[in-house]
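In my numbering, the protein residues as written are 18 to 420.
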Amino acid sequence: MQLVQRATPVIVFHYDEIGLKGGNRPRYEHIFLNRLREQLQRCGVTVEKLVLRESRVVAIGAAPLSEAAKGRLARTPGVASFGSGVLLPRDASEQEIASAARGFAALLQQRGSTFRITAHRADKYYPKTSPEIERWLGEAVGQEAPSLRVQLRKPENNLVVEVLHSSILLWIREDGVGGLPVGASGDAVCLLSSGFDSPVASYLMMKRGVRVHWLHFHAAPATGEEAREVARALAAHLAQWSDRKARFATMNVFLLTKLLIKQAQEKMRVVLLRRSMMRLAERWARQLRAEALITGESVGQVASQTLSNIATITAATTLPVLRPLSGFNKNEIIRTAEWLGTAPLSSRKCDDTCAMLTPRHPATKTQRETIEREEERIGIRDREAAVFQTLEENNLNEEGEED
Ligand code: ATP
Ligand code: MG
């Protein structure tokens, strides 16, 4: 991008649903700004200042984004669209604006063969209407780069021109994932295994503004180190879209698995373990003041995920249990995991705490009363306090690694 005089390099960010929050808007905008500040830092992008301008965030004095940085920002919850470009003062002349647009020509050519201009006027007093601006600057860019063709629908390049009250912005639009910035909707604990589903479930809730903390259950020495390492790596990977307050913890449920194998009716084991997991997760959630639990369950995927078992498992906790994957097919989940970058970790084969207990014919219909009687009979709830003592808890820092 060639800079003209009085043009300052910027990155522009538009938020998605914050606009719907009415009176809460300043609070949400503040959270959005903070998440972007962290993300730019993590991407190694230095900026002179980060400001909120007329419902968008502008990173002033920012270097152009690398592909890696774009990938991270495209997955950052709350970002509807973003892109590198320039800021001109509000009193810029037509000549200055046209040369700023022409300054994008070489870059647009590198990025593809089609483009469009999308103009918005916050300031309706600007003498040209949006369609007029689009035609005018479209021609200016076209003259500079004859190989570029205008394509209004799905162009490879979308050069956005925003005439604001305070300034004029020109930037190349990249799609964001939308939703709400992490921290806007409170905290929740996700029960994180080493499989495909729970990391995707975590991310879907992060995208709704929830700050997710991760809890992994292992059964050492019956299960190996690997599942724990994978879960830790998954949490670290997901934490790159969260803030510094996101935590990762593990608990050792070996005591419970031993008891279940020895004493419980085989077909009930998995549901019994799941209920214990819910109670243990609730305990940790209360410590963190988290208001909900999240799981990667999907209706009908495995025996413990029939509606009747889901009901029995949910009844073990008084916290709401969010199951964002309830209606997802496995291939949809895997596709999202690939987009998120969690798939390579989740596809590693490792011991599974639940698989250890799964009989050939697990119960698909359970009743709460029957399960409660079994819990009473084997005394599983008495063992949970000791299991909770095995809690190992860590912050996930800037780089998404443990402190
Ligand atoms: P996933 O792909 O997330 O492992 P799954 O399809 O293997 O899910 P299950 O093993 O039945 O399904 O687990 C259902 C949910 O229970 C998981 O999505 C996760 O939220 C939770 N869960 C299962 N195992 C563990 C574990 N070892 N630690 C923490 N949570 C777990
Ligand atoms: Mg699993």
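Cβ atoms here follow ideal geometry from the backbone N, Cα and C, with glycine treated the same way.
Just so you know, these numbers come straight off a predicted model, no measurement behind them.
>> Considering only heavy atoms of ligand 1, does any lie closer than 7 Å to the CB of L421?
In response: Because residue 421 is not part of the residues shown, which for the chain are 18 to 420, the question remains open.
>> Is the separation between the beta-carbon of L297 and that of L289 shorter than 8 Å?
In response: It is not a contact, given that the beta carbons lie outside the stated cut-off.
>> Check this for me: beta carbons of T370 and F234, under 8 Å apart or not?
In response: yes
> Who are the near neighbours of I189 in its chain, counting only those whose CB is closer than 8 Å to its CB and skipping five residues on each side?
Replying inline: G100, S101, G102, F121, L124, L125, R128, N174, N175, L176 and V177
> Which full runs of the beta strand (DSSP E) of 3+ residues lie inside the segment 256–293, going along the chain?
Replying inline: 264–269
> By DSSP, does V75 sit in helix, in strand, or in coil?
Replying inline: strand
>> For T135 and S147, what's the separation of their Cα atoms in angstroms?
In response: 8 Å
> Is V68 helix, strand or coil by DSSP?
Replying inline: strand
> Residues bridged to R166 by DSSP?
Replying inline: T131
> So what does N41 bridge to, in DSSP terms?
Replying inline: In DSSP, N41 forms no bridge with anything.
>> If you reduce the DSSP assignment to three classes, tell me which class N411 lands in.
In response: strand
>> Alpha carbons only, please: which of Q322, I351, A302 and K87 is nearest the one belonging to P337?
In response: A302
>> I want to know whether the segment 160–174 touches the segment 46–62 - three or more CB-CB distances under 8 Å.
In response: no
>> To test your reading of the DSSP string, which unbroken beta strand (DSSP E) runs of 3 or more residues are found completely within the segment 204–256?
In response: 204–208 and 228–235
> Excluding sequence positions up to five away, which residues of its chain have a Cβ less than 8 Å from the Cβ of H182?
Replying inline: Only residues of its own chain outside the window of five on either side were considered, and among them E71, R107, A139 and D140 have a CB closer than 8 Å to the CB of H182, listed in chain order.
> For H230, is the classification buried or exposed, using 16 other Cβ atoms within 10 angstroms of its Cβ as the cut-off for buried?
Replying inline: Its Cβ being crowded by 16 or more others within 10 Å, H230 is buried.
>> Which residues does DSSP list as the beta-bridge partners of W421?
In response: For the chain, the structure presents residues 18 to 420; residue 421 sits outside this window and is missing.
> Sorted by chain position, which residues of the same chain lie with C-beta nearer than 7 Å to E418's C-beta, five sequence neighbours on each side aside?
Replying inline: Since pLDDT at E418 reaches only 45, below the 50 mark, its modelled position is unreliable, and the value read off the structure follows with that caveat. So the list reads A253, once near-sequence residues are dropped.
>> Can you find the residues in the same chain that come closer than 6 Å, C-beta to C-beta, to S211, ignoring five residues on each side of it along the sequence?
In response: Around S211: A244, V247, A248 and C367.
> Thinking C-alpha only, which one of L209, V206, R225 and V167 is nearest V194?
Replying inline: Closest in alpha carbon position to V194, among L209, V206, R225 and V167, is R225.
> With 16 as the cutoff for other CB atoms within 10 Å, does Y45 come out buried or exposed?
Replying inline: buried
>> Pairs of beta-carbons, one from the segment 314–330 and one from the segment 374–383, closer than 8 Å: are there three or more?
In response: yes
> If you draw a straight line from the alpha carbon of T407 to that of T267, how long is it in whole angstroms?
Replying inline: For T407 and T267, the gap between their C-alpha atoms comes out near 8 Å.
> If we call anything under 8 Å between Cβ atoms a contact, is E34 one with L197?
Replying inline: yes
>> Assess contact between the segment 75–93 and the segment 18–34, defined as three or more Cβ pairs (one per stretch) separated by less than 8 Å. Is contact present?
In response: A contact between stretches requires three or more CB pairs, one per stretch, nearer than 8 Å, and the segment 75–93 meets this requirement with the segment 18–34.
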